[in-house]
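Below is one structure, written out as structure tokens; comments come after it.
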Amino acid sequence: MNQPRLPSLSPRQVERLGFLGLALASTLTILPIFIIIAYILYQGFPAISWNFLTEMPSDGMRQGGIFPAIIGTFYLTLGTAVFSIPIGLGAAIYLSEYARDNAWTRLIRLTIINLAGIPSVVYGLFGMGLFVIFLKFGTSILSASLTLSIMTLPVIISTAEEALRSVPQSFRVVSISLGATRWQTIWKIVLPNALPGILTGVILGLGRAAGETAPILFTGAAFFLPHLPGSLFDATMALPYHLFVISTQVPGMPIQIQYGTVLVLLVFVINMNLIANAIRSRARAKRQW
Amino acid sequence: MEDKIIVEHLSLSYSDGTESLQDINLHIKENNITALIGPAGGGKSTFLRTLNRLNDLTDIKLISGKVLIDGENILDPRTDVIHLRQKVGIVFARPIPLPLSIYENVAYGLQMAGEKRKSALDEAVERALHQAQLWDEVHDRLSASAYAISGGQQQRLCLARVLALQPEIILLDEPTSALDPISTAKIENSLEILKSSYTILVAPHSTQQAGRIADDVAFFLQGELVEFLPATLMFTNPRDKRTQDYVQGRFG
């Protein structure tokens, strides 16, 4: 037995090492987020002022505010909500409540899963081809909202369907047994109880849409506009694209304005996620079944 | 007494091959309590759920024969199932209140049927809760959640919910299997009183319960109706050997 002796550890020591490794791994997942937020706050906060939030950009965007980008992102998010919520919710209700499990619905589900995996720039090109050129909507809020809607649909459909399915089947049976129609059952029992879950999914999906650059790049985002968009068929500035522009396309850009813009976008998106979280935990506390 | 339900050559099987019914023939009398006894999986639930077409929600592979209620074949595809379910109510094994208030649970069926007048709803809710012997316990908190009351109260609420629709037939699928003895006694007591104005079919959760409340007893075994007799005969002098073995507790 001439093998070199390895330093042997007791089972207890092995366990402690294991735990240490796991704790390290989980810390590493949250650490980048904290660093990013802290750094952006540090760099961007000095830029934030009432004027920065409410004024038009000036001096080739090197000065003034980012109001048109903020309002543009707001419009785009709203537009996405208008198109994606009814379609997404309708599809989710169909899949969860009406559709039978057959080849057709399996194909729909497979498509939804795959839609979620398509890179966002592909949505951008598709939106340009379909909405901007073929349907002649031009580079506009309408085209960009529709493109973002298609990208958001898989998130909304799958979270809404999950929320609908989490309502116990027995409630549906009871409701039907009391002479209610399927539609009444969905409207009176299933939807109200699935609503918090649906809202959570909708808001998370919209939050993601609000932060996307690629899908709006070819479909509705403007490099610079001296005025606010006046109709659905106008192009608009938007926070993510504005950020891209001032970071790469404008020489001599003050760093503070860049980080100020990042901060505004971040607060916008994080707020939406926090709202989603609040809805979910409130509903969970109130739920009786 | 009139025959309220006449079942002729009823056969049924599910796509997943679980429970089934084989050529059931049965005459159920009005204002009687008919108990369906037999081991689990014998077809009692399936039979009950056929009577108000609740089976439509599951995957039925085959259904044949006739079920006549007041002379009308309810298996006919043209049957108005909404109307049928208002006329034939069901109480399930576990109390399943809808996630609504006590009042809303009882008023639910009527509201879905289009009743909007507050006075009519109030009246129906109070009457149904009295009939289910629950009014005294909940009359001062009708707007509380139906989940705030005990399991036994919840099951009486489920009975009241059915009664509010003023059905003609009430089906109860092991209604007391999840309840304590006191709540069980209250439900049994309600049924005794209710049978003067309703036709009641119950799958009791024990043979003893069948003995306490039933007028007629049907013995189901593996999808087959083995024997259908008045309760007194069923427990003293059944003709079939399998019935004898079952009621005397030799299997099940």
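If you read the sequences in order, they're chains A and B. The first sequence runs 1 to 289 under this note's numbering. The second sequence runs 290 to 541 under this note's numbering. Cβ coordinates follow ideal geometry from the N, Cα and C atoms, glycine included. None of these values were measured; they are calculated from a predicted model.
Any C-beta of chain A under 9 Å from that of B/Ser434: Along the second sequence, read from residue 1 onward, the residue named residue 434 of chain B stands at position 145. It does; some Cβ of chain A falls within 9 Å.
Given a threshold of 16 other Cβ atoms within 10 Å of its Cβ, counted over all protein chains shown, does A/Ile33 qualify as buried or as exposed? Here residue 33 of chain A is taken as the residue at index 33 of the first sequence, counted from 1. By the beta-carbon neighbour count (other beta carbons within 10 angstroms, threshold 16), A/Ile33 is exposed.
Counting only Cβ-Cβ distances shorter than 7 Å, please list the residues of the region 365-391 of chain B near chain A, keeping chain order. For chain A, the residues of the region 365-391 of chain B that bring a beta carbon within less than 7 Å of one of its beta carbons are Ile371, Arg374, Gln375, Ile379, Ile385, Leu387, Pro388, in chain order.
Within the continuous beta strand (DSSP E) that includes B/Asn314, where are the two ends? Locating residue 314 of chain B in the second sequence gives position 25, where the first residue counts as 1. Element bounds for B/Asn314: 309-318.
Under 9 Å, Cβ to Cβ, is there at least one residue of chain A near B/Ala402? Taking the second sequence and counting its residues from 1, one reaches residue 402 of chain B at position 113. B/Ala402 counts as touching chain A.
Start and end residues, alpha helix (DSSP H) containing A/Ile246: For this step, residue 246 of chain A is matched to residue 246 along the first sequence. Judged by DSSP secondary structure, A/Ile246 falls within the alpha helix (DSSP H) whose first and last residues are 239-248.
Helix or strand or just coil, what does DSSP make of A/Asn114? Residue numbering aside, residue 114 of chain A sits at position 114 when the first sequence is read from its first letter. Annotated three-state conformation of A/Asn114 is helix, per DSSP.
Starting from A/Gly179, find everything on chain B with Cβ-Cβ shorter than 7 Å and list it in chain order. Numbered from its first residue, the first sequence carries residue 179 of chain A at position 179. Per Cβ cutoff of 7 Å: Ile371, Arg374, Gln375, Gly398, Met401, Ala402, Leu454.
Short check: CB of A/His242 to CB of A/Met128, under 9 Å? Translated into positions along the first sequence, residue 242 of chain A becomes position 242. Translated into positions along the first sequence, residue 128 of chain A becomes position 128. It is not a contact, given that the beta carbons lie outside the stated cut-off.
Excluding five sequence neighbours on each side, which residues of the same chain lie with their C-beta closer than 7 Å to the C-beta of A/Ser143? By 1-based counting over the first sequence, the position of residue 143 of chain A is 143. Only Gly127, Phe131, Val132, Phe137, Thr219, Gly220 meet the Cβ criterion.
Length of the line joining the Cα atoms of B/Ile352 and A/Thr147: To locate residue 352 of chain B, count along the second sequence from 1; it is residue 63. To locate residue 147 of chain A, count along the first sequence from 1; it is residue 147. Whole-angstrom Cα-Cα distance: 49 Å.
Neighbour list for B/Ser341 in chain A, Cβ cutoff strictly below 8 Å: Within the second sequence, residue 341 of chain B is the residue found at index 52, counting from 1. Note that residue 341 of chain B corresponds to Asn in the displayed sequence, not to Ser. Within chain A, the C-beta atoms nearer than 8 Å to that of B/Asn341 come from Ser177, in chain order.
Where does B/Asp534 fall in DSSP's three states? Translated into positions along the second sequence, residue 534 of chain B becomes position 245. B/Asp534 falls in the helix class under three-state DSSP.
Run down chain B in chain order and give the residues with a C-beta less than 7 Å from the C-beta of A/Asn193. As a position in the first sequence, residue 193 of chain A is number 193, starting the count at 1. Within 7 Å Cβ-Cβ: Pro388.
For a cutoff of 9 Å on Cβ pairs, would you count A/Arg172 as touching chain B? The residue labelled residue 172 of chain A in the question sits at position 172 within the first sequence. Yes, A/Arg172 counts as interfacial toward chain B.
Could you name the residues of the region 330-360 of chain B whose beta carbon sits closer than 8 Å to any beta carbon of chain A, in the order they occur along the chain? Listed in sequence order: Asn341, Leu343, Leu346.
Short CB-CB distance (under 9 Å) between A/Trp104 and chain B: Your numbering for residue 104 of chain A matches position 104 in the first sequence. Not one chain B Cβ lies under 9 Å of A/Trp104.
Who are B/Lys355's beta bridge partners in DSSP? On the second sequence, residue 355 of chain B is found 66 positions in, with the first residue counted as 1. According to DSSP, B/Lys355 bridges with B/Glu297.
Closer than 9 Å to chain A by CB, B/Val515: Taking the first residue of the second sequence as 1, we reach residue 515 of chain B at position 226. No, its Cβ sits nowhere closer than 9 Å to a Cβ of chain A.
Can you pull the chain A residues whose beta carbon is under 9 Å from the beta carbon of B/Arg450, in chain order? Stepping through the second sequence from its first residue, residue 450 of chain B is reached at position 161. Those are Val174, Leu178, listed as they occur along chain A.
Could you check whether the Cβ of A/Arg287 sits closer than 9 Å to any Cβ belonging to chain B? Here residue 287 of chain A refers to the residue found at position 287 of the first sequence. Closer than 9 Å: yes.
Using the DSSP secondary-structure output, state which residues sit across from B/Asp505 in a beta bridge. Counting from one through the second sequence, the residue named residue 505 of chain B turns up at place 216. Listed as beta-bridge partners of B/Asp505 by DSSP are B/Thr323, B/Pro519.
Strictly below 7 Å CB to CB, what residues from chain B border A/Gln258? Start at 1 with the first residue of the first sequence, and residue 258 of chain A comes out as number 258. Residues of chain B whose Cβ lies closer than 7 Å to the Cβ of A/Gln258 do not exist; the shortest such Cβ separation is about 50 Å.
Mark B/Phe508 as exposed unless 16 or more other C-beta atoms lie within 10 angstroms of its C-beta, in which case mark it buried. Counting from one through the second sequence, the residue named residue 508 of chain B turns up at place 219. That one is buried.
In terms of alpha-carbon separation, which member of B/Gly403, B/Lys405, B/Leu514 lies closest to B/Ala324? For the purposes of this step, residue 324 of chain B is taken as residue 35 along the second sequence, with counting starting at 1. By alpha-carbon distance to B/Ala324, the top candidate from B/Gly403, B/Lys405, B/Leu514 is B/Leu514.
Using a C-beta cutoff of 9 Å, does A/Ile198 count as contacting chain B? Numbered from its first residue, the first sequence carries residue 198 of chain A at position 198. With its beta carbon at least 9 Å from every one in chain B, A/Ile198 lies outside the interface.
Quick check on B/Asn341: buried or exposed, where buried means 16 or more other Cβ atoms within 10 Å of its Cβ? Walking along the second sequence from the start, residue 341 of chain B turns up at place 52. Burial call: buried.
Enclosing alpha helix (DSSP H) for A/Val190 [first to last residue]: Indexing the first sequence from 1 puts residue 190 of chain A at position 190. Going by DSSP, A/Val190 is part of no alpha helix (DSSP H) at all; its letter is neither H nor E.
Could you give the DSSP three-state label for A/Thr105: helix, strand or coil? In the first sequence, the residue the question calls residue 105 of chain A occupies position 105. Three-state DSSP puts A/Thr105 in a helix.
Looking only at its own chain, which residues have a Cβ that is under 6 Å from the Cβ of B/Leu357, when we skip the five neighbours before and after it? By one-based count along the second sequence, residue 357 of chain B stands at place 68. Counting only Cβ-Cβ distances below 6 Å, and skipping sequence neighbours, we find Ile295.
So what does DSSP say about B/Asp462, is it helix, strand or coil? Locating residue 462 of chain B in the second sequence gives position 173, where the first residue counts as 1. Note: B/Asp462 maps to strand in three-state DSSP.
Which parts of the region 361-412 of chain B are runs of the beta strand (DSSP E), unbroken and 3 residues or longer, counting only runs that do not cross its ends? Counting whole runs of 3 or more residues, the region 361-412 of chain B contains the beta strand (DSSP E) stretches 377-380.
Please state whether DSSP places A/Pro32 in a helix, a strand or coil. Stepping through the first sequence from its first residue, residue 32 of chain A is reached at position 32. Helix at A/Pro32.
From B/Leu373 to B/Leu480, what distance separates their C-alpha atoms? Here residue 373 of chain B refers to the residue found at position 84 when the second sequence is read from its first residue. Here residue 480 of chain B refers to the residue found at position 191 when the second sequence is read from its first residue. Rounded to whole angstroms, B/Leu373 to B/Leu480 spans 21 Å at the Cα level.
Just the chain B side, please: which residues come within less than 8 Å of A/Ile279 by C-beta, in chain order? Position 279 of the first sequence, counting from 1, holds the residue named residue 279 of chain A. Per Cβ cutoff of 8 Å: no residues; A/Ile279 is ~17 Å from chain B at best.
Do you know whose CA, among A/Leu225, A/Ser166, A/Glu15, lies nearest A/Pro196's CA? Here residue 196 of chain A is taken as the residue at index 196 of the first sequence, counted from 1. Of A/Leu225, A/Ser166, A/Glu15, the residue nearest in Cα terms is A/Ser166.
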